[in-house]
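**Student:** Going by the working numbering, the first residue of the sequence shown is number 12, and it counts up by one from there. The C-beta atom is built at its ideal place from N, Cα and C for all residues, glycine as well. The structure presented is a predicted model; accordingly, all values stated were derived computationally and were not measured.
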Amino acid sequence: MTELKEGFTSFGQWLSTAIQEQIDKSTSPLLKRIEQLEACTDEYVPSKTALKLTGIKSLTTLRSERERKDSLLKTTGLGRAIRYSRASCIAFCESKILYRNQRSLLGRANTPTL
């Protein structure tokens, strides 16, 4: 009876490995294409567009966020104009949404701030 059980276990492991290999083989070209598309669309945008992408309301807040040491915002300077990486603006916005969701799950979303 144990030989039969061992046979099913090894077959299950083999089947699981075979399925995972097929999934990896199928998704690999898609992941490469996504990386290529992301590289093509990462452009630097002006402050007005960065405000819309990040969800920040004022230029002063945007400026203070970019000057923080651990900021997600990537910037470059073109003369006096500061440009923001579109991908970093989106990542910043997503990180704030995730933070808000975590707070609401913990029951801290409706707590008053002083």
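Can residue 64 and residue 101 be called in contact, C-beta distance under 7 Å?
**Tutor:** Your numbering for residue 64 matches position 53 in the sequence shown. Your numbering for residue 101 matches position 90 in the sequence shown. In contact: residue 64 and residue 101 (Cβ atoms closer than 7 Å).
**Student:** With 16 as the cutoff for other CB atoms within 10 Å, does residue 103 come out buried or exposed?
**Tutor:** By 1-based counting over the sequence shown, the position of residue 103 is 92. Label assigned to residue 103: buried.
**Student:** May I ask you to verify whether the region 78-97 touches the region 54-61, counting CB pairs closer than 8 Å and requiring at least 3?
**Tutor:** yes
**Student:** Run the CB neighbour count on residue 34, radius 10 Å, all protein chains shown included, and call it buried at 16 or more, exposed below.
**Tutor:** In the sequence shown, residue 34 corresponds to position 23, counting from 1. Under this definition residue 34 is an exposed residue.
**Student:** For residue 76 versus residue 84, is the C-beta spacing smaller than 7 Å?
**Tutor:** Taking the sequence shown and counting its residues from 1, one reaches residue 76 at position 65. Taking the sequence shown and counting its residues from 1, one reaches residue 84 at position 73. Going by C-beta atoms, residue 76 is nearer than 7 Å to residue 84.
**Student:** Apply the 10 Å Cβ neighbour rule to residue 67 and answer buried if 16 or more other Cβ atoms are within range, or exposed otherwise.
**Tutor:** Your numbering for residue 67 matches position 56 in the sequence shown. Counting Cβ neighbours within 10 Å, residue 67 comes out buried, since at least 16 surround it.
**Student:** Tell me where the alpha helix (DSSP H) around residue 75 begins and ends.
**Tutor:** Reading the sequence shown from its first residue, position 64 is the one you call residue 75. Note, residue 75: alpha helix (DSSP H), 70-78.
**Student:** Determine the closest residue to residue 72 out of 81, 80 and 62, with distance taken between C-alpha atoms.
**Tutor:** Counting from 1 along the sequence shown, the entry for residue 72 is found at position 61. It is 62 whose Cα lies nearest to the Cα of residue 72.
**Student:** Residue 62 lies in the alpha helix (DSSP H); which residues open and close that run?
**Tutor:** Translated into positions along the sequence shown, residue 62 becomes position 51. Where residue 62 is concerned, the enclosing alpha helix (DSSP H) stretches over 58-65.
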